[in-house]
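In what follows, a single structure is set out as structure tokens and then discussed.
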Amino acid sequence: MKKLLLFILPLLIIVAIVFTVFGVIQVRFQEEKLRDDLMRKARAVAESMELSARYSLLNNDLRSAQRLADRFQLRERVQGCAIYDKEGKIVVITQRFEDWKEKEKPYIAEILENKTPRGSLETFKQYSVYSYIMPIMDDENNTVGLVEVIYDTSYVFAMLTEWWRRISLTLIILVVLIALVSLLIQWRIFILPVKQLTEWFQHFQRGDISHAHPVKDRGELGKLASEVEQVALSLRVARKTISEEAEVRLQKEELWTEGKLRDLIRAKLGENALFIVSNREPFMHVIDEAFGMPRCIRPASGVVTALDPILRACGGTWIAHGSGNADKKFTNSKNKLGVPPEDNRYILKRVWLTKEEEDGYYYGFANEGLWPLCHNTHTRPVFRESDWQMYKEVNRKFAESILEELPVKSPFIFIQDYHFTLLAKIIKEKRPDATIALFWHIPWPTPESFSICPYQKEILDGMLGCDLIGFHVQNHCNNFLDTANRLLESRVDTEKFSVVRLGKETFIRAFPISVNGYFSGNIIKVAPEQIRTIKEEFNLQDKIIALGVERIDYTKGIVERMLAVDRFLEKYPQYKNKFVFIQLAAPSRTHIKRYHDLMAEIDELVEKKNWKHLEGSWRPIIYLKRHFSPEEIAPFFQLADICIVSSLHDGMNLVAKEYVSSKRDLNGVLILSSFTGAARELTDALQINPYSIEEFADSIKLAVEMPQEEKIKRMENMRKIVSENNVYRWAANIITELTALKKF
Ligand code: ADQ
Numbered sequence: 044m045k046k047l048l049l050f051i052l053p054l055l056i057i058v059a060i061v062f063t064v065f066g067v068i069q070v071r072f073q074e075e076k077l078r079d080d081l082m083r084k085a086r087a088v089a090e091s092m093e094l095s096a097r098y099s100l101l102n103n104d105l106r107s108a109q110r111l112a113d114r115f116q117l118r119e120r121v122q123g124c125a126i127y128d129k130e131g132k133i134v135v136i137t138q139r140f141e142d143w144k145e146k147e148k149p150y151i152a153e154i155l156e157n158k159t160p161r162g163s164l165e166t167f168k169q170y171s172v173y174s175y176i177m178p179i180m181d182d183e184n185n186t187v188g189l190v191e192v193i194y195d196t197s198y199v200f201a202m203l204t205e206w207w208r209r210i211s212l213t214l215i216i217l218v219v220l221i222a223l224v225s226l227l228i229q230w231r232i233f234i235l236p237v238k239q240l241t242e243w244f245q246h247f248q249r250g251d252i253s254h255a256h257p258v259k260d261r262g263e264l265g266k267l268a269s270e271v272e273q274v275a276l277s278l279r280v281a282r283k284t285i286s287e288e289a290e291v292r293l294q295k296e297e298l299w300t301e302g303k304l305r306d307l308i309r310a311k312l313g314e315n316a317l318f319i320v321s322n323r324e325p326f327m328h329v330i331d332e333a334f335g336m337p338r339c340i341r342p343a344s345g346v347v348t349a350l351d352p353i354l355r356a357c358g359g360t361w362i363a364h365g366s367g368n369a370d371k372k373f374t375n376s377k378n379k380l381g382v383p384p385e386d387n388r389y390i391l392k393r394v395w396l397t398k399e400e401e402d403g404y405y406y407g408f409a410n411e412g413l414w415p416l417c418h419n420t421h422t423r424p425v426f427r428e429s430d431w432q433m434y435k436e437v438n439r440k441f442a443e444s445i446l447e448e449l450p451v452k453s454p455f456i457f458i459q460d461y462h463f464t465l466l467a468k469i470i471k472e473k474r475p476d477a478t479i480a481l482f483w484h485i486p487w488p489t490p491e492s493f494s495i496c497p498y499q500k501e502i503l504d505g506m507l508g509c510d511l512i513g514f515h516v517q518n519h520c521n522n523f524l525d526t527a528n529r530l531l532e533s534r535v536d537t538e539k540f541s542v543v544r545l546g547k548e549t550f551i552r553a554f555p556i557s558v559n560g561y562f563s564g565n566i567i568k569v570a571p572e573q574i575r576t577i578k579e580e581f582n583l584q585d586k587i588i589a590l591g592v593e594r595i596d597y598t599k600g601i602v603e604r605m606l607a608v609d610r611f612l613e614k615y616p617q618y619k620n621k622f623v624f625i626q627l628a629a630p631s632r633t634h635i636k637r638y639h640d641l642m643a644e645i646d647e648l649v650e651k652k653n654w655k656h657l658e659g660s661w662r663p664i665i666y667l668k669r670h671f672s673p674e675e676i677a678p679f680f681q682l683a684d685i686c687i688v689s690s691l692h693d694g695m696n697l698v699a700k701e702y703v704s705s706k707r708d709l710n711g712v713l714i715l716s717s718f719t720g721a722a723r724e725l726t727d728a729l730q731i732n733p734y735s736i737e738e739f740a741d742s743i744k745l746a747v748e749m750p751q752e753e754k755i756k757r758m759e760n761m762r763k764i765v766s767e768n769n770v771y772r773w774a775a776n777i778i779t780e781l782t783a784l785k786k787f
């Protein structure tokens, strides 16, 4: 529309200027004519009065002069008449114009002297009139007086105004007609074909290209349309070939790799596009506090760690909340960008939320309600009605954003986590052909725990809009089936592991999530200097190093870990000055009071315990509170002799798997809370109950003193499990399960 205006506006401005100039000339001409007309009329009246006025003045008969003036005043549009003596003093004036006498008339002396008549427009008090003054001469050509005729000019203004009105009206009609005609022409020859071509291409993007392009134009536009059609055709052929080749390759390879997953997705989904939805975006643009420049970071999130390699492998679209303070600068008009920034492998579509939406949906309902509800850590969930309303609103907003993107043919939508329990149902109402899976990254509680949620029915109902719901471990699946069975009118099929509600079946399966070997040395290479630098910076030479890597969250058992380190040093003082615990901790959800308090509690604890055990320059705890990039975390994993994961409750816990995957030299021990999902697979870790500080401290001693062969054996076993059950297998299992359940 802006462009259309740009085209029409200059045209309209030119027309308006020409028309206005023409109008001004016309009106001036008319004005001249009217004035001339006035002058002639006034002169005629004055001349008619002259003879009688001369007679009256010469005979000093002012009464007949007055009668004369009164008589002529009755003529059409004459406002008044006056007769002056030879000194220029008014001797007779029509009564209506009595106060005209008061007007200063410097021109009278001039008329008397020059003996020439004068006509002019005059204003005085409320009058705006035309005055014509004519000298009266005797037979010897001496001035005996003056006669003045005063005419009403209002009709001149009325006529001029009428003229302007007509000119403006004609101009408006002309402008509207020109605008309409040019719009029509533009629409027909330019916009309509482009619109048709865009619609046709959008259909192609969604997989529906049963017809040829609709542009009939034989000119440049037609040529462009043909070119676009050719590109579309080649793309379609290429996609088909790739999908067939993928099927063949799939049968050959054994270990799950990025390539194998790509092949599986191409073979199973073919041209059905993959859409991932999560709250946290995989790449976030934030303003660097030190330099004031925007930079791109990978958020500290298990969901991102797991899903990013999958989309890197298969392409597709990831829809997430644009929460970085510089995010808007890096998105196009459709709120999208190619990521990773240095090597665009897939599309990230950012959804914008207002502060109120983020407060209610994310901080409030999701993180103060559902998060503590699902984690058994004795933090009381808070359910506010206003948060729930925002949560529903944001789920609807995301649904709209996803629906805009979906292709016509059976799309596959993969929803992440507890932020979007209502999404599947909303999408299915509009697109029943879509296949929807939800992966629940956190634990699912028992029906008793879940039943305290006031919105339990809506949440379960929303989730059952999915075709498949995945959890990390079987226990969470069982809890979910029990919950659906007890809290909702539904039928649970214990053989098929599904829930049937209102005729719709949802399958429940366990898919233990994993990592992609990012830290295994295949992708991030750690140089020996990096290790050396860290050791020098923190004075770690000859020290036994234990490591924790976390978002600061009360479920992660960071406080318990500090207490265990303290107890370990109390119980086994021989390790003072020999043992150091490093905690990398990314602040998280800091607007929530519980998290804010936890940060303060950890700060205080670190301070207190370091002071308690302080010896020379040695301190037992190094607390690095900030976000680290994977490249920064990698050297810490490598130099750590022990990694401590002490979650009080955790869906899976990827840090444990990252540590195992990074330990190529097999020289490391994992201390792992038995309340993590990872504990089911990593049975060679030293498993602990983080609530039992005594047992925890002893496990640290066990790890420190573990014989080398045992370390190697345990680490070897764990590495085998992590590399076989990597994140590509996880995604492949979900897709295989889905395609088996649903025919594409
Ligand atoms: P999270 O609770 O985020 O994930 P986790 O699985 O441990 O927990 O993943 C955390 C990720 O953040 C890891 O990749 C880690 O490297 C990274 N990270 C940790 N500290 C960091 C720091 N200081 N700076 C930068 N990055 C940091 C949720 C569930 C888990 C589940 C995952 C995946 O709570 O139980 O394993 O999803 O499903």
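Counting with our numbering, you get residues 44 to 787 for the letters of the sequence shown.
For every residue, glycine included, the Cβ atom is placed at its ideal position computed from N, Cα and C.
Only a predicted model underlies this, so the values are computations on that prediction, with no experimental measurement involved.
- Contact between E411 and M433 is ruled out by a C-beta separation of about 12 Å, above the 8 Å threshold.
- Burial state of M336 is exposed, judged by a 10 Å Cβ sphere holding fewer than 16 other Cβ atoms.
- Checking the 8 Å criterion, the Cβ of G720 is within range of a heavy atom belonging to the ligand ADQ.
- Around the beta-carbon of G508, 16 or more other beta-carbon atoms lie within 10 Å, marking it buried.
- Those residues having their beta-carbon less than 6 Å away from any non-hydrogen atom of the ligand ADQ are, in chain order, A343, S344, G345, V346, T348, A349, H484, I485, I556, V592, E593, R594, L627, A628, A629, H670, F671, I676, D693, G694, M695, N696, L697, V698 and E701.
- Assigned with DSSP and collapsed to three states, K547 falls in strand.
- For V535, the enclosing beta strand (DSSP E) has its first and last residue at R534 to D536.
- Here DSSP, grouped into helix, strand and coil, assigns H418 to coil.
- Linking V770 to I556 through their CA atoms gives a straight-line distance of about 6 Å.
- Sorting I479, T537, L220 and M695 by C-alpha distance to the C-alpha of V58 places L220 at the top.
- Ranking F540, P490 and N438 by CA distance to the CA of A467 puts N438 first.
- About 20 Å separates the beta carbon of V187 from that of K144, a gap too long to meet the 8 Å contact definition.
- Counting only the Cα atoms, I330 lies some 39 Å from L503.
- Taking R355 as the centre and dropping the five residues before and after it, the same chain places the C-beta of R388 closer than 6 Å to its C-beta, in chain order.
- For the set D113, T598 and F318, the Cα lying nearest the Cα of P415 is the one of T598.
- A straight line joining the alpha-carbon of D609 with that of S660 spans about 17 Å.
- Burial is judged here by how many other beta carbons sit within 10 angstroms of a residue's own beta carbon; G367 has at least 16 and is buried.
- A distance of 9 Å or more separates the beta carbons of M749 and L725.
- In this structure, I731 lies near S742, with their beta-carbon atoms less than 9 Å apart.
- Contact between D351 and P384 does not hold, since the beta-carbon distance rounds to 13 Å and is not under 8 Å.
- Taking C-beta atoms as the reference points, R534 and V543 count as a pair closer than 9 Å.
- DSSP places R78 within a helical segment (H, G or I) once states are collapsed to three.
- DSSP, reduced to helix, strand and coil, places S174 within a strand of the structure shown.
- Rounded to whole angstroms, the gap between the alpha carbons of Q109 and L117 is 13 Å.
- Here P571 is exposed: its Cβ has fewer than 16 other Cβ atoms, across all protein chains shown, within 10 Å.
- Residue state for V592 is assigned as strand, using DSSP reduced to three classes.
- Inter-residue distance for Q138 and Q73 is about 33 Å (C-alpha atoms, whole angstroms).
- Just measuring C-alpha positions, the residue of M82, K84 and S107 sitting nearest L94 is S107.
- A residue is called buried when at least 16 other Cβ atoms come within 10 angstroms of its Cβ; N710 does not meet this threshold and is exposed.
- I676 and G591 have their C-alpha atoms roughly 11 Å apart.
- Here DSSP, grouped into helix, strand and coil, assigns Q730 to strand.
- Residue nearest to K168 within the set E141, E491 and L697 is E141 (criterion: CA-CA distance).
- Counting only runs of at least 3 residues, the stretch 448-515 fully encloses the following beta strand (DSSP E) elements, listed from N- to C-terminal order: 455-459, 478-482 and 511-514.
- Rounded to the nearest whole angstrom, the C-alpha separation of E759 and T348 is 23 Å.
- Here Y170 is not near V192, since their CB atoms are 9 Å or more apart.
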